[in-house]
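Enquirer: This is the structure, below, for whatever I ask next.
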Amino acid sequence: MVHIEWFTNEQGLRTFREVPGSEHEIKCDLALLSIGFLSPEKSLLNQLGLAPDGKGNVYTNEYHSNIDKIFAAGDARRGQSLVVWAISEGREAAVAVDKFLTGSSNLESKEIGFMALEKEG
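Residue numbers for the sequence shown follow numbering that gives the first Met the number 0, so the first one is 0 and each next one is one higher.
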């Protein structure tokens, strides 16, 4: 293992780097890795010409990216989160794509947000 330190890079994003000379081993019977991420791979975003938002995720407006015909959802759009959010984002992105392709959509959508439902109920 190595120790890491957090810092703000030249683009103003929080990231981390290895602390030199901190490599060490810990004896164990089982090691579980929980590897999250801070934002989508910058090289892919750059190759596609996708604009990042303030957190380094793909910038979107109603799931549309800054590039025509490219949509984003889930972790790429909102950052790492729960799988239920990824599922919801995928469904909402599907509605946006359907509307883009056909002009309308019959797919289920969260037209009314959860907060509005609580006020009505």
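All C-beta atoms, glycine included, are put in the ideal place defined by N, C-alpha and C.
Nearest-angstrom Cα distance between E4 and E22?
Expert: Distance between the alpha carbons of E4 and E22: 13 Å.
Enquirer: When burial is assigned at 16 or more other CB atoms within 10 Å of the CB, is G89 buried or exposed?
Expert: Counting Cβ neighbours within 10 Å, G89 comes out exposed, since fewer than 16 surround it.
Enquirer: In terms of alpha-carbon separation, which member of V18, L47, M0, E61 lies closest to A30?
Expert: Taking only the C-alpha atoms, the option nearest A30 is M0.
Enquirer: Can you list, in chain order, the residues of its chain whose CB lies under 6 Å from that of G55, leaving out five sequence neighbours each side?
Expert: Taken in chain order, the residues that qualify are L12, S38.
Enquirer: Taking just the CA atoms, how far does G20 sit from A104?
Expert: It is worth fixing the name first, because residue 104 is Ser in this sequence and not Ala. So the alpha carbons of these two residues sit roughly 56 Å apart.
Enquirer: Which residues does DSSP list as the beta-bridge partners of F15?
Expert: Paired residues: W5.
Enquirer: Do I69 and L100 have their beta-carbon atoms positioned less than 8 Å apart in this structure?
Expert: Against a cut-off of 8 Å, the Cβ pair of I69 and L100 comes out as no contact.
Enquirer: Taking all protein chains shown into account, do 16 or more other C-beta atoms lie within 10 angstroms of the C-beta of G53, making it buried, or fewer, making it exposed?
Expert: When all chains shown are included, G53 counts as exposed.
Enquirer: Report all residues from its chain with a CB closer than 7 Å to the CB of E17; omit the five preceding and five following residues, and keep chain order.
Expert: Hits under 7 Å: V1, I3.
Enquirer: Here's the rule I'm using: 16 or more other beta-carbon atoms within 10 Å means buried, otherwise exposed. How should S42 be labelled?
Expert: Exposed, since its Cβ has fewer than 16 Cβ neighbours within 10 Å.
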